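Each residue of the sequence shown is one higher than the last, beginning at 1 in UniProt numbering. Glycine residues also receive a C-beta, built at the ideal position from the N, C-alpha and C atoms. Note that the structure is a prediction, hence the values are computed from the model and not measured. Some notes on the structure that comes next.
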Amino acid sequence: MSALLEACHRGDMSAVRDLVAEGHAVDEADEDGRTPLFIACREGNVECARYLIEARAATVNQARKDGVTPLLLACSQDKPACVQLLLESSAAVDKAAEDMATPLIISCQEGNAECAALLIAASAAINRARDDGVTPLQIACQEGELRCVQLLLNAGVSIDKTADDESTALYVACQAGKVECVRLLCEARAAVNKAKSGGFTPLYIACEKGRIECVLLLLAARAAVDQADEDGATPLFIACTAGHPECASLLIGAGAAINLAAEGGLTPLIFACAMGKQECVALLLAAQALVDQTDQSGATPLCIACQEGKAKCAALL
Numbered sequence: 001m002s003a004l005l006e007a008c009h010r011g012d013m014s015a016v017r018d019l020v021a022e023g024h025a026v027d028e029a030d031e032d033g034r035t036p037l038f039i040a041c042r043e044g045n046v047e048c049a050r051y052l053i054e055a056r057a058a059t060v061n062q063a064r065k066d067g068v069t070p071l072l073l074a075c076s077q078d079k080p081a082c083v084q085l086l087l088e089s090s091a092a093v094d095k096a097a098e099d100m101a102t103p104l105i106i107s108c109q110e111g112n113a114e115c116a117a118l119l120i121a122a123s124a125a126i127n128r129a130r131d132d133g134v135t136p137l138q139i140a141c142q143e144g145e146l147r148c149v150q151l152l153l154n155a156g157v158s159i160d161k162t163a164d165d166e167s168t169a170l171y172v173a174c175q176a177g178k179v180e181c182v183r184l185l186c187e188a189r190a191a192v193n194k195a196k197s198g199g200f201t202p203l204y205i206a207c208e209k210g211r212i213e214c215v216l217l218l219l220a221a222r223a224a225v226d227q228a229d230e231d232g233a234t235p236l237f238i239a240c241t242a243g244h245p246e247c248a249s250l251l252i253g254a255g256a257a258i259n260l261a262a263e264g265g266l267t268p269l270i271f272a273c274a275m276g277k278q279e280c281v282a283l284l285l286a287a288q289a290l291v292d293q294t295d296q297s298g299a300t301p302l303c304i305a306c307q308e309g310k311a312k313c314a315a316l317l
C-alpha cells in the first residue's frame, strides 16, 4: 500500500496534506483499483475524504476493479458521514458493482438504515434490482432489516416486484421467517397469493418451513388456503409432508380441504404416512380425513404406511 493510501487508512490528515503537496496523485490506484478516496471512505475518515474531494478534486465515482465505488463501499461499511459527503459531491447514487448491486441494495443488505435514508433522499432508484432480479426490498426482507423495509415502503417501493425466480418480498420474508417484515408487508397490502416459479405461494413456503407466526399473519391477510403448486400440492399437503403439525392445524382451522390430492392422487394423509409424520397423521384423522382414499395406483394410506415401514402411522389408521 502506498504512503498516501496508508495515511488515508489511518486518517492522518497531516500526512495526507504533506504527501499530496509532495506530488502524490490523489486518484492513483493500487493493484486492486483502490484510490485514496476509496480507502478514506472505507475507514470512515471523512475529513481525509473531504480534503481529497474539495481541495484536490479526487474522482468520486472511480471504481475498484470489481466495480465497487467509494459510495458503495461507504454504504457497506455503514459510514453515513462519508455517504453524505459523496452525495454532496455528486457521486452517482445508483452506480452499481459487477453484480449490479447498487449502494441502496448494499445498505439494505447490511441493515445500514441511515445510509439507506440518505440514498433515498438523494433519489436513489428504490426498485432497481441486482443482476438476479433481487430488489432492495427483497434483500432487506431476507435479512430481516425492519428499518430498511419501512424506509422503502414509506418511499413508495413497488411492493410486489419479483426477482428472476418470480419471488416477491413477501415470499422471501416468509421463507426466511422474518415475522415482523411479513407483518409490515401484509399491513402494506402485499399480494399474499402471488406465487413464484413452480406455483409456490408465501403460505406454501411458510408451511414448508414451519413458520407458524408467518402462517398466522398470512391467514389473517386472507391468503388462499388451498392454492396449490404446479404439481397440485397445497399448503396443507406440504405442512404434513414436512412434519409441521402446528401449521397443519392452523390450515385446517382456516378451512383447508383435507382430502384435496396432489399429482398422482397423493393426499395429505397418504404422504404424511409415507413420510412417517405421526402427529400430522393423527391431526388429519381427527379432522375426518378419508382414511381409505387411494392414490392413482390404488394404494391406501395404510398400504403406504406398511410399505414404508411406518408402524406408528399404521397403528393410528
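- Between the alpha carbons of Ala254 and Asp94 lies a distance of about 45 Å.
- According to the DSSP assignment, Met100 belongs to no alpha helix (DSSP H), since it is labelled neither H nor E.
- Within its own chain, the residues whose Cβ lies closer than 6 Å to the Cβ of Ala261, once the five positions on either side in sequence are excluded, are Thr267, listed in chain order.
- When secondary structure is reduced to three states using DSSP, Ser297 falls in the coil class, being assigned neither helix nor strand.
- Excluding sequence positions up to five before and after Met100, its CB lies within less than 6 Å of the CB of Arg130 and Asp131, all in the same chain and listed in chain order.
- With a cutoff of 8 Å on beta-carbon distance, Ala248 and Ala239 are scored as near each other.
- From the listed residues Lys161, Leu153, Gln175 and Phe38, the smallest Cα separation to Glu187 is found for Leu153.
- With respect to Ile39, Cys8 sits close: the two C-beta atoms are nearer than 8 Å.
- Excluding residues up to 5 positions away in sequence, Leu19 lie with their Cβ nearer than 6 Å to the Cβ of Ala3 in the same chain.
- When C-alpha distances from Ile212 are compared across Gly243, Leu185 and Ala195, the shortest belongs to Gly243.
- Per DSSP, reduced to three states, the secondary structure at Glu166 is coil, with no helix or strand assignment.
- For Lys178, the closest C-alpha among the options Gly144, Gly232, Leu285 and Cys108 is that of Gly144.
- If you draw a straight line from the Cα of Leu216 to the Cα of Cys148, it comes to about 24 Å.
- Exposed is the label assigned to Glu98, since fewer than 16 other Cβ atoms lie within 10 Å of its Cβ.
- With fewer than 16 neighbouring CB atoms inside 10 Å of its own CB, Lys65 falls in the exposed class.
- Ranking Gly199, Thr241 and Ala220 by CA distance to the CA of Gln227 puts Gly199 first.
- Closest option to Cys313, judged by alpha-carbon separation, among Ala206, Ala63, Gln296 and Ala272: Ala272.
- Straight-line spacing of the CA atoms in Asn45 and Asp12 works out to 9 Å.
- For the pair Leu87 and Arg50, the CB atoms are not nearer than the 8 Å cut-off.
- A distance below 8 Å separates the beta carbons of Thr135 and Lys161.
- Setting aside the 5 residues that flank it on each side, Ala74 is surrounded in the same chain by Cys41, Cys82 and Val83, each with a C-beta closer than 6 Å to its C-beta; the list follows chain order.
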